[in-house]
Structures are given as structure tokens and as C-alpha cells.
Amino acid sequence: MKAADILSACVMLALSAVVFAATWGQPYWADFAPGSAFAPFWVASAGVVVSVALIVGALRRQSSPPAEWPDRRGLRRVALAAAGLWAVVVIAPALGLILAAVLFMLFLLLLVLRRPLVPSLITTAITGALVYSIFSAWLGIAFPKGIFGI
Amino acid sequence: MIDALVSLGHGFGVALTPMNLLFIFIGVCLGQLIGALPGLGPSAGMALLLPVTFGIPPATAIMMLAGIMYGGMYGGTLTSVLVNVPGEAASVMTAVDGHKLAKQGRAGAALSVSAIGSFIAGVGAVTALVFVTPPLAEFALKFSSPEFFLLATLGITATASIGAGSPLKAIMTAIFGLMIALVGTDPILGTARLTFGTTELLDGIDFLPVAIGIFGIAEVLSSLEQSYDSEPIKTRLRDMWLSAADWAECRMAILRGGTLGFLIGLMPGAGPTVAAILAYVTEKRFSKHPERFGEGAIDGVAAAESANNSAAHGALIPMLALGIPGSASTAVLLAALVLQGIRPGPTLLVEQADLVWGLVASMFIGNVILLVLNLPLAPAFGALLRIPYEYLAPGILVISLVGTFATTLSLFSVGLTLFFGMVGYLMMKADLPRAPVVLAVVLAQLMETSLRQSLMLSEGTLWIFLERPLSIVLLLLVIGSLALPLLGLLTRHRTERRRRAEAKISIATE
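For the record, the sequence lines run as chains V and A.
Numbering-wise (the numbering used here), the first sequence opens with residue 146 and increments by one.
Numbering-wise (the numbering used here), the second sequence opens with residue 4 and increments by one.
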């Protein structure tokens, strides 16, 4: 957990630096009131102070429980699920969001989680029908429709 | 007092319409299921289902979402008692003794006392809410921009100070939330800020992608790490009866847990989890048999469950009266109000009386429905736990993506949701609290606008925060909430140093 604390503090330091840099050209104080850079300046400053305190605290700590990372199988499942989710966003304009989401469900159930075929198909069909009836039929949301027009 | 009762009567008129009753029922049933699912808490469930509520009137939507919030408190008990996995964080203490009781063949008694305790504490907390909220909202009408800035700041600093875990990490994640909220157009001058030339970011980062990503997607990804193919302990309807001895043992625990939970729920940042832990520890001190705690103490289960439900209801008071959410769930509820075009704050009670009193009345009705669902129908809900979680997880992820698109009609927002999902997952692994991020995103605009308005009024001097007694009290509370963890840290260091010095002396004398 010591390494995780130091790493997360470093990420916050980097984010604070980005906020400082991106609002550098904006006014801290306008004619009569605080300007656009006022809040970013103080938020980023607080980010720096807290990150430094977290790093110092982590370095001074003598013992710390280890971070709970998943085993190899768990990590593979999480990574594939995340990749599948990003793939939905990428292929949605071409295939349509609903079809992309259905393909993602089948990918996750059959290939990643290795569930039996029939229950996976039933689960996908039920979820697809639920999503279509609530969002498309009831709420009238116009989802991106791809080459198949779904 | 009479006014409050008249308004409550009017609220029952609103809540008892067939449509509202149906959605209260749907809300509490979903809450019960979401609470029972390991890895998906009520705030995640509320965020996921927020887009679904766009097709229904605001009052109905809020009643349904609130039903998910307190229904989750009841549902979390099932998995804790029958599987020994807390369905949501606030049920962690229930898992300790509840599952031990289940192993002793007393699962029915544990579930029964949890349902009755949650019901009594829930109804008690809503009754208190009826009488506390109106005077508090009236008092808050005296607030001006310095008080609102300090109140919003207190909402964030108290989360770090009182909430479980490291205060420093909680403040850091709250700062991350503030940074997210800075993206977009400056609310006063109207200039683009931190958009990096991306037009999609000009409107800022919406609350929903952050909440769905950080709570919903992150929790599902984390739960995919391992299989939950568990075999829950079976329970039957006839096991649900409590004996006179059980009731005698639990009634004071319910009263103490409920009262403590309500008071903790009022504090910003504490929430049902802290309430359940404190009530359990307090009950151990009061118990005639403290040795049973950890081995199957039914009064421990009663105290923890009463406290978490009472806290969930109590947390609504600052949200309804002041427009300041005290927990992640009330932050989602507040966001739902904003998305429905309703302005939260002290005037809510006057401007949206139907909504507020309808919501309060719906909580009485919802608690009755949940008592019925959890007493005779607990074995049936228990049987649902046999469905492997892996069949539900892909569906939850799909609803997250589709729901985000439905809210914003933009694939960019879906991408943002996934981004925050990954961030939330990494935060879980790094043991960083996620609730402060969401609270900060919700409170940031109020904080920045009221701070800048205050400084405009005072022409740049900070004395404006010391001009009125009310703002001085709030300022002291903010300072106190920041100093509290610091004092705790110093005391811990001193104790550790003393222990080390004593150890050295004992080694030297041996």
C-alpha cells in the first residue's frame, strides 16, 4: 500500500501541475472579482500540499499492508472486460450501440467468464429486450444505428 | 408541528396515487436486489438507474430512487447473513454475527431481527425527519453566499474527517473531484477552462458519467476478479419467528442503534457504514454478553441493521433542508433533482412541497413494503442469491453504457464513463475512497460560485467570513473537521512513540 500511496500522490501532483499550467494564462483576479484562474489555483495548490503530505506519510510509515491486486486469472478477466467496453464505444457508430452492447455481452459471458451457451444466450436476450423496451420504446432514445439499421 | 403533520398528510395524498405506489414498490424491490448483490451498493445502483427515471415525473422519480437507497440497507442483510459477503458496505458488521447465527441454524432469526430493527429505526428516523427538516430549512433561509460556501466546504472536509479510512486520502480524492468540476466554462465569467480545445468539454463533465463510472463500472469490474458461485444457507418461513427472549434481548439494541444511526446520518460524510460500525461497538459495551459479539450476537445484528437504515434516512435531512448531500447516495439523489430541473436548497421545501412531502410519505410506505418483503418473503429473496453474479455483471455494464448515452446522447460521455470506471477501479485497488470524488463534483459549483460571490461582495477581503455569527460557527466547524484527523494522527504518533520507548526500557532492564 506504501507504493500505491506514493503513486497516487504522484498522480495528484501531476494533475495539479496540469491545472496550474492550463490556467496560467487566465486571470487570477478580474477588475472587481476573482477571475477564472482563482479556483483552479487554490484547488491545485491544495492538491500539491496534500500529495506532499501523503508522500511524506508513506515514506515515514514503517509497515503497511500490501495492496490487494487480483490474481492472474482475475486480472485477465478485468482487462478483457475493460477492453470489451472500450470496443463497444469504438464500434458503436459502425454497428449501432444496441448491437455492439449485445455482442459485448456474448463476448463477456462466453469467452471471458466461460459460462454455458444456453444460459448466456438467454441472459443476453433478456438484457437486450429490457434495454430496447425501456430506452428505445419507452423513453424514445435515438441510439446510433449502424450498417444494419439496429 | 401541526403544519408539518398537515404537510405530511398532503404528502401521503401525493405518494398514495397508483403510479407513485407502483414506482415506490419498484424502487424498494430494486434496492432490495441491489443491496443483496455483492459488489453493487445503493449509490451505484441509483446512479445506474438514474437515466431510467427521465420518462417519469420528478416526484415519482425521486421516490423510486430513494426507495433504492433505503431498500439497499434491507437487501444487504441477506447476503451478509446467508453467504457471509456484505451486499453493501453498511452491512459489514451484520456479516460478522449474522452469518455465525446462520451457521448455528438461526438465519431466520437474524433476518427477522434485521428487518424489524430496520423498520422500527427507519420509521423513527422518517418521523424525526418530518419535524426537524422544516425548521432547519427555515433557518437556512438566513444563509447568504459566505454561509453556503462554508457549508459546502464542510460537506467535503467532514467526509474526510468522519468517514472511514485515511482522512488525507479522502481530502485528496475530494480535490480530484473539484478538479473534474473545474473543467468546462467558468460559471461567472463564461470563459473556457481546462477544456484543452475539446468542444465536448465546454459544458463541463456531467455528474452522471463520473458517478456511473466511479461507482457502477468500477465495482462491477472489481467483482469480476473472482467468481461468486456461492451456496447460500437455506432458511424457511417458520424459522423467521422471533422468540420472546430474542425480542427482549434486541429491543434496546434497536432503540440505541436507531438513535445513534439517525444522529450519525445527520453529520455530513459519516453515512450508514460508520453508523453501523459505531452502533455495533456501542452495543457490545451495553450488552450483558459482550463475549457473544463476533460469535453470533443477535443484539449486535439488531443494532448494526437499525443504525444503517436510520442513518440512510437521517442523511436526507441536510440534503432536503440545505441542499448539501452528506453521503454518496444523497449526492446521487441531489443530482437526480438537478437533472429533473429542480433547484435544491433551503427553498426546496416551499417551492417543491409536493415533491418533498411526497418523498417523506413514500418513505413510510416504502418501509412497510420492505418489512413485508423481508419477513415472509426473505426465503424467496434468499433463493435469488443462487443466480451466479457472472450472469448479472455484463447486463449491469451494458445498462451503464446505454444509460449514459440516454442521458447525454453522446458517445463522448460514454467514453468518459468508461474512463472514470477505470479510474474508480484503480482507486479501489489503491484503497482511495471514492465517495468524496462524487460529493466534490456535486458541491463544487456551489462552492466556487458562493466563494466568488462572497469575495465580490467584500471587494476581495476574507473578513466577510467573520462578519456574521453563523459564518463564524461554520468556519470553526470546517477548521475543526480539518483539525480532528490531525489531532488523531498526533495522538497515535505519541502513543506509538511511548510504546516504543517502553519497549526499549524493558529490553534494557531484562
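Note that CB positions come from ideal geometry on N, CA and C, so glycine has one too.
Owing to the predicted nature of the structure, the values given are computational and were not obtained by experimental measurement.
Give me the chain V residues within the contact set of residue i, using Cβ-Cβ distance strictly less than 9 Å, ordered along the chain.
i, result
"glycine 398 of chain A", "Met250, Thr268, Thr269, Ile271, Thr272, Leu275 and Val276"
Just confirm the distance between the C-beta atoms of residue i and residue j, as a whole number of angstroms; I'd bet it's less than 8 Å.
i, j, result
"leucine 185 of chain A", "proline 185 of chain V", "5 Å"
"leucine 388 of chain A", "alanine 98 of chain A", "Not a contact, Cβ separation roughly 14 Å."
"alanine 50 of chain A", "glycine 219 of chain A", "6 Å"
"tryptophan 174 of chain V", "glycine 180 of chain V", "5 Å"
"methionine 76 of chain A", "alanine 315 of chain A", "5 Å"
"leucine 251 of chain V", "alanine 226 of chain V", "About 13 Å separates the two Cβ atoms, so there is no contact after all."
"valine 236 of chain V", "valine 276 of chain V", "Residue identity differs from the one stated: residue 236 of chain V is isoleucine in this sequence, not valine. With 8 Å as the limit, isoleucine 236 of chain V and valine 276 of chain V do not qualify as a contact, their Cβ atoms being about 17 Å apart."
"glycine 260 of chain A", "glycine 125 of chain A", "About 12 Å; that fails the 8 Å criterion."
"glycine 264 of chain A", "serine 313 of chain A", "3 Å"
"tryptophan 360 of chain A", "leucine 144 of chain A", "Not quite, the Cβ-Cβ distance comes to about 18 Å (not below 8 Å), so this is no contact."
"leucine 171 of chain A", "leucine 199 of chain V", "5 Å"
"leucine 205 of chain A", "threonine 188 of chain A", "6 Å"
"threonine 162 of chain A", "proline 271 of chain A", "6 Å"
"alanine 396 of chain A", "serine 169 of chain A", "Incorrect: roughly 29 Å between the Cβ atoms, too far for contact."
Which residues in chain A sit within 8 Å of residue i, going by Cβ to Cβ distance?
i, result
"arginine 217 of chain V", "Neighbours of arginine 217 of chain V on chain A: none; closest Cβ ~11 Å, over 8 Å."
"serine 196 of chain V", "Met175"
Specify the secondary structure class of residue i as computed by DSSP and reduced to three states.
i, result
"alanine 287 of chain V", "coil"
"arginine 495 of chain A", "helix"
"threonine 188 of chain A", "strand"
"tryptophan 174 of chain V", "strand"
"proline 347 of chain A", "coil"
"glycine 299 of chain A", "coil"
"proline 211 of chain V", "coil"
"glycine 463 of chain A", "coil"
"alanine 62 of chain A", "helix"
"glycine 79 of chain A", "helix"
"arginine 196 of chain A", "strand"
"glycine 168 of chain A", "coil"
"glycine 329 of chain A", "coil"
"glycine 108 of chain A", "coil"
"proline 379 of chain A", "coil"
"glycine 261 of chain A", "helix"
"leucine 89 of chain A", "Looking at the sequence itself, residue 89 of chain A is proline, so the reference to leucine does not match. Proline 89 of chain A: coil per DSSP, three-state reduction."
"proline 436 of chain A", "coil"
"proline 488 of chain A", "helix"
If you compare alpha carbons, which of the options is closest to residue i?
i, options, result
"threonine 276 of chain A", "A/Ala112, A/Ser461, A/Ala338 and A/Ser330", "A/Ser330"
"phenylalanine 311 of chain V", "A/Arg455, A/Gly369 and A/Gly74", "A question about residue 311 of chain V goes unanswered here, because the residues of chain V that appear run from 146 up to 295."
"glutamate 150 of chain A", "A/Pro54, A/Pro349 and A/Tyr283", "A/Pro349"
"proline 54 of chain A", "A/Val341, A/Phe122, A/Pro21 and A/Pro271", "A/Val341"
"methionine 182 of chain A", "V/Val164, V/Val263, V/Val223 and V/Trp169", "V/Val164"
"alanine 447 of chain A", "A/Gly193, A/Glu470, A/Ile178 and A/Ser365", "A/Ile178"
"glutamate 294 of chain A", "A/Arg346, A/Leu490 and A/Asp100", "A/Asp100"
"serine 474 of chain A", "A/Leu192, A/Phe146, A/Pro190 and A/Met430", "A/Phe146"
"valine 426 of chain A", "A/Pro397, A/Ala282 and A/Ala221", "A/Ala221"
"glutamine 230 of chain V", "A/Ala409, A/Val223 and A/Leu337", "The sequence given here places leucine at residue 230 of chain V; glutamine does not occur at that position. For the residues A/Ala409, A/Val223 and A/Leu337, the minimum Cα distance to leucine 230 of chain V belongs to A/Val223."
"leucine 25 of chain A", "A/Ala113, A/Met66 and A/Glu252", "A/Met66"
"leucine 158 of chain V", "V/Pro172, V/Ala212, V/Val257 and V/Val194", "V/Val194"
Give the residues of chain A in contact with residue i, contact being defined as C-beta atoms less than 7 Å apart.
i, result
"valine 233 of chain V", "Leu404"
"phenylalanine 177 of chain V", "Met459"
Is the closest heavy atom of the ligand HEM to the C-beta of residue i under 7 Å?
i, result
"glutamine 456 of chain A", "This structure lacks the ligand HEM; in fact it carries no ligand of any kind."
Name the chain A residues that come within less than 9 Å of residue i, Cβ to Cβ?
i, result
"valine 164 of chain V", "Met182, Leu185 and Leu197"
"arginine 260 of chain V", "Pro391, Glu393 and Tyr394"
"leucine 242 of chain V", "Leu404, Val405, Phe408, Leu414 and Val417"
"glycine 202 of chain V", "Ser169, Leu171 and Leu492"
"glycine 192 of chain V", "Met175, Ile178, Phe179, Leu181 and Met182"
Against residue i, what residues of chain V qualify as contacts under a CB-to-CB distance less than 8 Å, listed in chain order?
i, result
"valine 17 of chain A", "Going along chain V, no residue has its Cβ under 8 Å from valine 17 of chain A, so there is no contact; the nearest lies around 23 Å."
Find the residues of chain D that neighbour residue i, judging by a C-beta separation of less than 7 Å, and give them in chain order.
i, result
"serine 181 of chain V", "In the structure shown, chain D cannot be found, because the protein chains are V and A."
> Looking at chain V, which residues of the segment 433-460 of chain A have a Cβ within less than 7 Å of any of its Cβ atoms?
Replying inline: Of all residues in the segment 433-460 of chain A, only Ala433, Asp434, Leu435, Glu451, Arg455, Leu458 and Met459 come within less than 7 Å of chain V when Cβ atoms are compared, listed by chain position.
>> Tell me which residues of the segment 157-180 of chain A have at least one Cβ-Cβ distance to chain V shorter than 8 Å, keeping chain order.
In response: Leu171, Lys172, Ile174, Met175, Ile178 and Phe179
> Can you list, in chain order, the residues of the segment 373-395 of chain A whose Cβ is nearer than 7 Å to any Cβ on chain V?
Replying inline: Glu393 and Tyr394
>> Which residues of the segment 183-200 of chain A have a Cβ closer than 8 Å to any Cβ of chain V? Give them in chain order.
In response: Leu185, Asp189, Ile191, Leu192, Thr194, Arg196, Leu197 and Phe199
>> To be precise: take each residue of the segment 405-425 of chain A, compare its Cβ to all Cβ atoms of chain V, and keep it if any distance is under 7 Å. Which residues remain?
In response: Within the segment 405-425 of chain A, the residues whose Cβ lies closer than 7 Å to some Cβ of chain V are Val405, Phe408, Ala409, Leu414, Val417, Gly418, Leu421 and Met425, listed in chain order.
> If contact means a Cβ-Cβ distance below 9 Å, which residues of the segment 214-231 of chain A contact chain V?
Replying inline: Ile220, Val223, Leu224, Ser225, Leu227, Glu228, Gln229 and Ser230
> What residues in the segment 296-314 of chain A bring their beta carbon closer than 8 Å to a beta carbon of chain V?
Replying inline: Across the segment 296-314 of chain A, no CB contact with chain V closer than 8 Å is found for any residue.
>> Under 7 Å, CB to CB, which of the residues in the segment 53-71 of chain A have a partner in chain V?
In response: Val55, Phe57 and Gly58
> Taking any Cβ of chain A, which residues in the segment 277-293 of chain V have a Cβ under 9 Å from it, in chain order?
Replying inline: Ile279, Phe280, Trp283, Leu284, Gly285, Ile286, Ala287, Phe288 and Pro289
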